[in-house]
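Residue numbers (mature numbering (1 follows the signal peptide of the UniProt record, and there is no 0)): -22 to -1, 1 to 360. Beta carbons are placed, not taken as given, at the ideal position from N, Cα and C, and that holds for glycine. The structure presented is a predicted model; accordingly, all values stated were derived computationally and were not measured. The structure appears below as structure tokens.
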Amino acid sequence: MISWKALQAFLVLTLMAGQTVAASHHKLRHAHAKHALGHAPEKRLARRASCKAPTSSLVASSTTVVSSTTHTTTSTSTTSTHTTATSTSTKKAASTPAGNSGSTSGSTSGSSSGSSSGSSSGSSSSSSITSVKAAAGFTPNGNKAGTSSGDAFSSLEAHIGWWYDWTPNPAWNGAPIPVPMLWGGGSADSTDSSRLAAFKKITAAPQYMLGFEEPDCPSGGGSAGMSVADGVQIWEQYIAPFQAKGTKLGSPSMCKQTAETWLKQFSEQIKTDWDFTAVHINKNSMTGVQADLDHYASYGKPMWVTEFACVDDSTGFVPCTDQGEINNFINQIVDLFESDGRVAAYAYSNGEGLGNVWPMTTSGGALTPSGNTYIAAISKYH
């Protein structure tokens, strides 16, 4: 028989061995976690140095999910027979991103007509924000489709609800709503300066207004290049007063996509919140597009995708050149925007630096195959 003292000694040794194994496992697990969490931010910091090399969607989504666990949601969704979602909160707390929203929208299309889309947003991961409704009144003319220039306006006019051309006074007349914009702070170049001067002359409050053009990247390459402090001051001085007159304000748009930090800091310092979030998407897959949408939906507002283009941003900024790939991208992204209830408006990017195949028009103003594909894609809906 085993003596009581021997049994006690055996139990003590067994307990000590178990604690040693547990401590070793705990140490290894935390060492692995430190490596896993530290790797992605290092890549993001390296890529933030250049607007032309935004973080890939996979890196962005792996880091933003971590922060979502500490965020308190400010919007809720309700499911009924018709599957609709509540309108978004305008509290300042909603302006701090919680990361990947990973939502299934199942909400209304966001048009002023209030028709139900009942479609999935395309993501199934969990998050603090389940759905953001593009509330009635945030979709110009009840038509999400638009364009980011006046190019091919006569061909697009019957199919778009809105348009803008980066100026305070878009000039074309017609049914699509022209949306003025304050491009920058007036110091990037002479064009920026003249745009600020023209903006100061606006007297009638427009229905919608857009904030700065990519202030998070250096000026000189199509970006406004503004400090957060300057952005806050100019926003409050020139843009914010229009909100009290009934204008719906769009946030500044970011060039760094999901790698942005400028807008988060801006949201924490302004006194006058924006009404909808302006988003730029430069991706070549719907997985990347969805990651961008999920990131900006975390600000808790309806989204306007004010520029989208087919670009490989995995290692730099490489515009797509294959017409078949571009056509497929256009058709897929239009379908995604139309079915995602968080998106209230979207616009084809027809700016510079997008290669020779993506632009909607030729130098002579004629529609390109890409332009014709966009018109065909939006014509299914409008």
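Item                                                                                                                       : Value
8 Å Cβ cutoff met for L314 and A256                                                                                        : no
Cutoff 6 Å; reference G342; Cβ partners in own chain excluding five residues on either side                                : none
Residues bridged to L345 [DSSP beta-bridge criterion]                                                                      : T339
Supposed close pair residue 362, W144 - CB separation, criterion 8 Å                                                       : The question about residue 362 has no answer, for the chain in this structure spans -22 to 360.
6 Å Cβ shell around S127 - same chain, five flanking residues per side excluded                                            : D143, N328
Burial state of T351, where buried means 16 or more other Cβ atoms lie within 10 Å                                         : buried
8 Å contact criterion, which P230 and F220 should meet: CB distance rounded                                                : The pair is not a contact, with the Cβ atoms about 15 Å apart (cut-off 8 Å).
7 Å Cβ shell around L241 - same chain, five flanking residues per side excluded                                            : S229, P230, M232
Rounded C-alpha distance that separates G294 from K234                                                                     : 11 Å
Beta strand (DSSP E) segment containing T255, residue limits                                                               : 255 to 261
Collapsed DSSP secondary structure at P148 in the structure displayed                                                      : coil
Pairwise C-alpha distance: V206 and K358                                                                                   : 41 Å
Range covered by the beta strand (DSSP E) that runs through Y326                                                           : 321 to 326
Buried versus exposed, by CB contacts within 10 Å (16 or more), T265                                                       : exposed
Three-state class that DSSP yields for A287 in the structure shown                                                         : strand
Per DSSP, the bridge partner or partners of A123                                                                           : Y324
Supposed close pair T236, A269 - CB separation, criterion 8 Å                                                              : 6 Å
Straight-line Cα distance separating Y277 from E246                                                                        : 11 Å
Three-state secondary structure assigned by DSSP to E191                                                                   : strand
Inter-residue spacing [alpha-carbon to alpha-carbon] between S98 and S132                                                  : Interpretation of S98 is limited by its pLDDT of 36, a score under 50 that renders its predicted location unreliable; the figure taken from the coordinates is listed afterwards. So the two alpha carbons sit approximately 33 Å from each other.
Contact belief for A325 with T284 at Cβ below 8 Å, rounded distance in angstroms                                           : 5 Å
For Y216, the nearest candidate out of L134, A275, A176 (CA to CA)                                                         : A176
Chain-order list of residues whose beta-carbon lies under 6 Å from that of H360 (same chain, five-residue window excluded) : N121, A123, H137
Whole-angstrom C-beta distance between T225 and A183, which should lie under 8 Å                                           : 5 Å
When G162, G200, L227 are compared against G209, the one with the closest alpha-carbon                                     : G162
Cα-Cα separation, C298 to A222                                                                                             : 42 Å
N- and C-terminal bounds of the beta strand (DSSP E) containing K242                                                       : Note, K242: premise wrong, no beta strand (DSSP E); alpha helix (DSSP H) at 240 to 247.
Cutoff 6 Å; reference E238; Cβ partners in own chain excluding five residues on either side                                : D194, M232
C-alpha distance - D272 paired with I259, whole-angstrom precision                                                         : 12 Å
Range covered by the beta strand (DSSP E) that runs through L227                                                           : 226 to 228
Proximity test, S205 beta-carbon vs the ligand SAM heavy atom, cut-off 7 Å                                                 : With respect to the ligand SAM, the structure shown offers nothing to examine, as it has no ligands at all.
When I212, S168, R320 are compared against P280, the one with the closest alpha-carbon                                     : R320
Nearest to Q211 (by Cα), restricted to the options F307, L134, K249                                                        : K249
C-beta atoms of I308 and S348 nearer than 8 Å                                                                              : yes
8 Å Cβ cutoff met for V289 and K261                                                                                        : yes
Whether P156 touches P146 by CB criterion (8 Å)                                                                            : no
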